[in-house]
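Protein chains in written order, with my numbering: chain D, 21 to 337; chain E, 21 to 337.
Below: one structure, written as structure tokens.
Protein chains: 2
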Amino acid sequence: MNAPGLGLADVLEAAARIRPFAHRTPLLTSASFDARVGARVWFKCEGFQRVGAFKFRGATNAVRALGDAEAARGVLTHSSGNHAQALALAARQRGIPCWVVMPRDAPAVKRAAVEGYGATVVPCEPTLAAREATARAVGAETGAVFIHPYDDPRVVAGQGTAALELLEDAPEPLDVLVVPVGGGGLASGTCLVAHGLRPELVVLGAEPAGADDARRSLAAGRRLAQEDPRTVADGLRTELSDLTFSILRAHLAEVVAVPDAETLGAMRWLTQRLKILIEPSSAVAVAALEARREAVAGRRVGVILSGANVDLSLLAG
Amino acid sequence: MNAPGLGLADVLEAAARIRPFAHRTPLLTSASFDARVGARVWFKCEGFQRVGAFKFRGATNAVRALGDAEAARGVLTHSSGNHAQALALAARQRGIPCWVVMPRDAPAVKRAAVEGYGATVVPCEPTLAAREATARAVGAETGAVFIHPYDDPRVVAGQGTAALELLEDAPEPLDVLVVPVGGGGLASGTCLVAHGLRPELVVLGAEPAGADDARRSLAAGRRLAQEDPRTVADGLRTELSDLTFSILRAHLAEVVAVPDAETLGAMRWLTQRLKILIEPSSAVAVAALEARREAVAGRRVGVILSGANVDLSLLAG
Chain D
21 MNAPGLGLAD VLEAAARIRP FAHRTPLLTS ASFDARVGAR VWFKCEGFQR
71 VGAFKFRGAT NAVRALGDAE AARGVLTHSS GNHAQALALA ARQRGIPCWV
121 VMPRDAPAVK RAAVEGYGAT VVPCEPTLAA REATARAVGA ETGAVFIHPY
171 DDPRVVAGQG TAALELLEDA PEPLDVLVVP VGGGGLASGT CLVAHGLRPE
221 LVVLGAEPAG ADDARRSLAA GRRLAQEDPR TVADGLRTEL SDLTFSILRA
271 HLAEVVAVPD AETLGAMRWL TQRLKILIEP SSAVAVAALE ARREAVAGRR
321 VGVILSGANV DLSLLAG
Chain E
21 MNAPGLGLAD VLEAAARIRP FAHRTPLLTS ASFDARVGAR VWFKCEGFQR
71 VGAFKFRGAT NAVRALGDAE AARGVLTHSS GNHAQALALA ARQRGIPCWV
121 VMPRDAPAVK RAAVEGYGAT VVPCEPTLAA REATARAVGA ETGAVFIHPY
171 DDPRVVAGQG TAALELLEDA PEPLDVLVVP VGGGGLASGT CLVAHGLRPE
221 LVVLGAEPAG ADDARRSLAA GRRLAQEDPR TVADGLRTEL SDLTFSILRA
271 HLAEVVAVPD AETLGAMRWL TQRLKILIEP SSAVAVAALE ARREAVAGRR
321 VGVILSGANV DLSLLAG
């Protein structure tokens with residue numbers, strides 16, 4: 021049902037591979053959140069991961085899985101988000117070059133962040149076609165290995181290490197995991213871990229109502245596109261790939277779609293309780309859990325707070 | 021030079037006493053902040069302490085130091101800040117009553133927080149005279165023990181445990197500690213630890229320019245009042261007591277006064293790097309360190325981030 025051969029063993033291998041480079045992020049709890057949802061909840065705080073998001077796990081696994089000759093040519097991606105920074109840092113740590121294709125209209129701060137990690141930004145027109153054509157051209161010229169943000173088994177296996185640590189560090193066996201779904205890399209890695217370690221574990225996906233291609237795709241039984249995504253959760257505007265769709269279809273119990281207003285409310289409420297920054301893409305998982313509070317009553321729940329790269333103006337409400 | 025007998029031994033005793041009840045808060049580092057100030061800095065994150073601030077240490081030490089008969093009558097304070105919540109929680113944990121005298125015009129959210137920890141709020145007119153008279157009346161009626169927010173050796177010793185943990189947990193011996201100064205409880209406890217453990221350690225106090233009674237008092241050699249404090253750092257509007265002034269005069273290297281604009285700038289900058297909430301009273305210490313970057317160049321510095329109870333609207337800038 022998965023990509024050929026992709027499973028828990030790949031996540032365990034990724035965990036060993038990235039251990040010297042990635043942080044083991046902490047779990048936090050909130051008695052007031054537990055009271056709010058009537059469950060016992062452990063939050064896996066990936067905002068304390070390098071570059072402020074889980075993306076560093078998958079990027080590092082991909083970069084470190086390359087053979088020396090292949091790696092020496094460098095790596096390449098197209099992204100203006102956390103994956104770009106994650107790949108840039110992972111490449112710098114290995115001492116290899118990195119190219120990032122980024123739309124000309126990407127925020128200057130994102131370009132600066134990637135360049136700050138030593139990568140070369142290659143601007144392109146702000147269309148998917150231009151992005152892919154530019155990436156192909158850079159790849160042909162440099163020989164760099166293309167590392168997709170989520171449509172890559174090495175990336176999926178790396179993202180799964182967050183759930184692995186969550187299950188290892190939670191003081192009790194968990195009944196439910198809640199994870200945000202964008203391109204599906206983190207959710208797929210989480211599914212591989214849950215299926216391999218505790219098949220009875222219920223994995224809930226969380227999506228913005230304005231970018232709910234995973235919910236629609238699972239309902240339709242085939243992968244549907246995400247046209248014109250509209251959500252404040254900028255990390256979740258992408259659509260599934262065939263790889264991530266196949267894994268989610270096999271293992272995900274449900275995808276809960278939540279309106280942005282609930283996401284922002286959950287983000288502000290939990291930020292003040294946990295005292296940490298929580299980006300909207302993470303708060304979607306919190307809001308989804310709140311929406312399913314009857315189903316999780318009395319259960320032990322793990323929530324992956326995927327990152328902390330939030331525009332502070334969103335916190336003011 | 022200190023209050024009779026008050027010293028490191030009291031802090032060590034407090035550490036043992038509060039250990040079952042208080043969190044050992046984490047240290048965080050930021051490579052980009054280190055580069056910004058040219059020093060190596062460890063942040064002691066008291067925002068993760070119970071009630072979101074170091075105040076729980078002193079309140080717990082005071083409550084737990086009481087004999088059973090004395091404790092049974094309960095405890096009492098006047099405060100609308102973190103100390104009130106801290107004392108309420110410490111009392112509830114010991115199973116004794118707690119009264120908090122609070123001005124009628126205190127924000128409803130602060131009253132609700134104290135009541136949420138099971139304490140009884142006694143409203144009074146918003147003047148110092150009314151506050152003290154009401155507290156005396158409640159004490160006379162109930163027999164409750166008054167626990168001042170900082171003018172109390174048990175509270176000072178308890179606050180010192182934050183610096184003790186910081187020195188124990190930092191991977192290298194520190195050269196400098198930076199601590200905010202309001203009433204001086206945290207700064208005094210920090211001085212006791214520094215003097216007792218490493219007399220060569222330089223302790224810098226940090227104050228808002230709009231509430232700089234400690235800086236003026238140390239310069240004058242006598243305790244001066246703080247009239248009309250004006251600062252966004254609401255935890256630092258109070259003035260020193262004779263107790264805290266005597267300790268700071270003996271041990272503090274300098275008090276650095278910083279304008280609110282620098283405090284808010286430091287708060288927003290560091291919040292985005294550390295990914296945690298930092299209240300303005302804590303950011304004052306960060307801004308003070310930035311103001312003394314030439315003096316601390318190349319040194320190993322500990323900064324006590326005293327709490328995380330920040331109005332999120334302040335983060336937006």
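Note that CB positions come from ideal geometry on N, CA and C, so glycine has one too.
By the rule that beta-carbons nearer than 9 angstroms mark a contact, E:S333 touches chain D. Residues of the stretch 88-120 of chain D with a C-beta less than 8 angstroms from any C-beta of chain E: none at all.
As a beta-bridge residue in DSSP terms, E:M122 pairs with E:P143. Rounded to the nearest angstrom, the gap between the Cα atoms of E:D54 and D:R37 is 28 angstroms.
Note: D:T97 is bridge-paired with D:V120 in the DSSP secondary-structure output. Short of 7 angstroms from the beta carbon of E:F68, and not among the five residues preceding or following it, lie these beta carbons of its own chain, in chain order: H43, T45 and P46. Residues of the stretch 48-68 of chain E whose Cβ lies closer than 7 angstroms to any Cβ of chain D, in chain order: G67 and F68.
Under the three-state reduction of DSSP output, D:P300 falls in the helix class.
Between E:D172 and E:V316, the C-beta gap is not smaller than 9 angstroms, which leaves the two residues out of contact. The secondary-structure analysis by DSSP pairs D:K64 across a beta bridge with D:L47 and D:I324. As far as DSSP is concerned, E:L221 takes part in no beta bridge. Scanning chain E for C-beta atoms nearer than 8 angstroms to the C-beta of D:A336 yields L332, S333, L335 and A336, reported in chain order. E:F166 has E:L96 as its beta-bridge partners, per DSSP.
Straight-line spacing of the CA atoms in D:S301 and D:A177 works out to 20 angstroms. For E:R288, the neighbours in chain D by C-beta distance under 8 angstroms run, in chain order, L332. The C-beta of D:D248 has fewer than 16 other C-beta atoms within 10 Å across all chains shown, which makes the residue exposed. With a threshold of 9 angstroms between beta carbons, E:P127 makes no contact with chain D. A residue is called buried when at least 16 other Cβ atoms come within 10 angstroms of its Cβ; E:L197 meets this threshold and is buried. Against chain D, the beta carbon of E:Q292 has neighbours under 8 angstroms at L297 and L332, listed in chain order.
For E:E135 and E:P117, the gap between their C-alpha atoms comes out near 12 angstroms. Within the stretch 225-262 of chain E, the runs of alpha helix (DSSP H) that reach at least 4 residues and sit entirely inside it are, in chain order, 233-240.
Contact between D:E310 and D:A286 holds, since their C-beta atoms are separated by about 6 angstroms, short of 8 angstroms.
With contact defined as three or more Cβ pairs closer than 8 angstroms, the stretch 186-193 of chain E and the stretch 160-168 of chain E are not in contact. Not a single C-beta of chain D is nearer than 9 angstroms to the C-beta of E:A308.
When DSSP states are grouped into helix, strand and coil, D:V275 belongs to the strand group.
With its beta carbon at least 9 angstroms from every one in chain E, D:A207 lies outside the interface. E:P127 sits exposed, since fewer than 16 C-beta atoms from the chains shown fall within 10 Å of its C-beta. Here E:L335 is buried, its C-beta having at least 16 other C-beta atoms within 10 Å.
Looking at D:S52, D:N81 and D:R124, the one whose alpha-carbon comes closest to that of D:A108 is D:N81.
For D:G255, no CB of chain E lies under 9 angstroms from its own CB, so it is not counted at the interface with that chain. The DSSP-derived three-state label of D:P127 is coil. Counting C-beta atoms within 10 angstroms of its own C-beta, D:A29 has fewer than 16 neighbours from the protein chains shown and is therefore classed as exposed.
Per DSSP, D:P200 is one residue of the beta strand (DSSP E) stretching across V196 to P200. In the DSSP assignment, the residues bridged to D:A73 are D:G327. With a threshold of 9 angstroms between beta carbons, D:P46 makes contact with chain E. Straight-line spacing of the CA atoms in D:R257 and E:R131 works out to 41 angstroms.
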